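Positions in the sequence shown are counted from 1; adding 12 to them yields our numbering.
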Amino acid sequence: MKVEIPRTPTGIDGLDAMLSGGFPKGRTVLICGGPGTGKTTLSMQFLVYGYVKYKENGVFVSLDEPKERIFQEARCYGWDLQGLHEKGKIAFVETSPHMGKKFSIEKLIQEIKEATRSVDAQRISLDPLTYLTLQYPDIISRRSAILALFRALIETEATCLITDEIRGGGEERTILVEEYLADGVIILQSSQVERRRV
13 MKVEIPRTPT GIDGLDAMLS GGFPKGRTVL ICGGPGTGKT TLSMQFLVYG
63 YVKYKENGVF VSLDEPKERI FQEARCYGWD LQGLHEKGKI AFVETSPHMG
113 KKFSIEKLIQ EIKEATRSVD AQRISLDPLT YLTLQYPDII SRRSAILALF
163 RALIETEATC LITDEIRGGG EERTILVEEY LADGVIILQS SQVERRRV
C-alpha cells in the first residue's frame with residue numbers, strides 16, 4: 013500500500029511538479045550549488061511564496077548577509093520580503109560576519125527556536141550553511157555543530173531549506189557531512205545558453 017507523504021509546496025510550479033508536490037513536510041532539504049546558481053534566491057522564494065500563496069509564516073536565517081542586503085536582493089525580483097518581515101510574517105535571524113558577532117552554535121539554535129515561536133513558522137530558510145562550517149576547521153567539532161543544528165531544526169517541525177556551497181565538481185565533488193543528515197539534497201547548476209547564464 014502506497015503511503016502519501018504530506019508536502020510543503022515551494023510555489024514554483026516546475027519544481028513542485030518534479031518534487032511530487034513540494035518538499036516533504038517537516039523535513040530538512042539541502043540545496044547545494046556553486047556561486048550564482050540561485051541558492052539564496054530559492055531560499056527567499058520559498059518563504060515569500062510560502063506566505064503569499066499558502067499563508068505559511070517563515071524564518072530566514074542569514075549566516076552571511078545582513079537582512080537589509082537580503083531585502084534589497086528580494087526587491088530585484090519584485091518580492092516585498094521587508095514588508096512581510098514588518099508585518100510579522102517572516103522573522104529574521106542574523107549571524108553575519110559583517111555585524112561583528114562572535115559565532116556560537118548554541119546561541120544560533122536558541123535564536124532560531126525563538127524566531128520560529130514568535131511567528132509560528134512553518135517554513136525555515138537557512139543561508140548559507142557554508143559559513144557555519146568555516147567556524148569549525150576541526151572535522152569532529154564541525155560534525156557536532158551541524159548535527160546539533162539539524163536536530164534543533166527537526167524539533168521545530170517546520171519544513172527547512174538549507175543552502176550550501178558545493179566543494180569540487182562532477183565526479184570530484186566532495187560529499188558533505190550535512191548531505192547524510194538532510195532528508196533530501198538538490199544540486200543546482202548553471203550553464204551558458206546563448207551567452208546567458210541560466
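Where a beta carbon is used, it is the ideal one built from N, C-alpha and C, also for glycine.
Values in this document were obtained by computation on a predicted structure and should not be read as measured data.
Figure out for me which residue from the options has the closest Cα to the Cα of residue i.
| i | options | result |
| --- | --- | --- |
| Asp139 | Glu123, Lys67, Leu146, Ser74 | Ser74 |
| Thr99 | Arg155, Ile187, Lys67 | Reading off the sequence shown, one finds Lys at residue 99, where the question assumed Thr. Selected option, being the one with the closest Cα: Lys67. |
| Glu123 | Leu161, Glu190, His97 | Leu161 |
| Ile82 | Met56, Asn69, Gly90, Tyr61 | Met56 |
| Leu93 | Asp76, Asn69, Lys114 | Asn69 |
| Ile17 | Glu191, Arg39, Asp132, Gly62 | Arg39 |
| Leu217 | Lys125, Glu118, Asp132 | An answer regarding residue 217 cannot be provided, because it is not within the stretch 13 to 210 covered by the chain. |
| Ser203 | Met13, Ala29, Pro47 | Pro47 |
| Ser116 | Val15, Leu54, Leu146 | Leu146 |
| Thr168 | Val15, Leu31, Met13, Lys37 | Lys37 |
| Asp195 | Lys14, Arg179, Gln201, Ile166 | Ile166 |
| Ile178 | Asp25, Leu31, Leu96, Lys51 | Lys51 |
| Thr53 | Cys88, His97, Thr186 | Cys88 |
Is the beta carbon of residue i sitting closer than 8 Å to the one on residue j?
| i | j | result |
| --- | --- | --- |
| Phe35 | Thr20 | yes |
| Thr128 | Ala157 | no |
| Val105 | Val71 | yes |
| Asp176 | Leu159 | no |
| Ile151 | Cys44 | no |
| Glu191 | Leu141 | no |
| Ile121 | Cys172 | no |
Near residue i, which residues of its chain fall below 8 Å by C-beta distance, leaving aside the five closest residues on each side in sequence?
| i | result |
| --- | --- |
| Lys65 | Pro21, Gly23 |
| Gly33 | Arg19, Pro21 |
| Lys101 | Tyr63, Asn69, Gly70, Val131 |
| Ala164 | Ile121, Ile124, Lys125 |
| Phe58 | Thr22, Gly23, Gly70, Arg135, Ser137, Leu173 |
Leaving out the 5 sequence neighbours to the left and right, which residues in its chain are closer than 7 Å to residue i when beta-carbon positions are compared?
| i | result |
| --- | --- |
| Lys79 | Phe104, Glu106 |
| Tyr148 | Arg154, Ala157 |
| Gln201 | Gly45, Thr49 |
Identify, in the order they occur along the chain, each residue of the same chain with its Cβ nearer than 6 Å to the Cβ of residue i, setting aside the five sequence neighbours on each side.
| i | result |
| --- | --- |
| Tyr61 | Gly23 |
| Gln134 | Glu68, Ala170 |
| Gln84 | none |
Any beta carbon of chain D sitting closer than 8 Å to that of residue i?
| i | result |
| --- | --- |
| Gly46 | No chain D appears in this structure, which consists of one protein chain only. |
In chain order, which beta strand (DSSP E) runs of at least 3 residues are fully inside the region 77-137?
Here the runs fully enclosed are 102-106.
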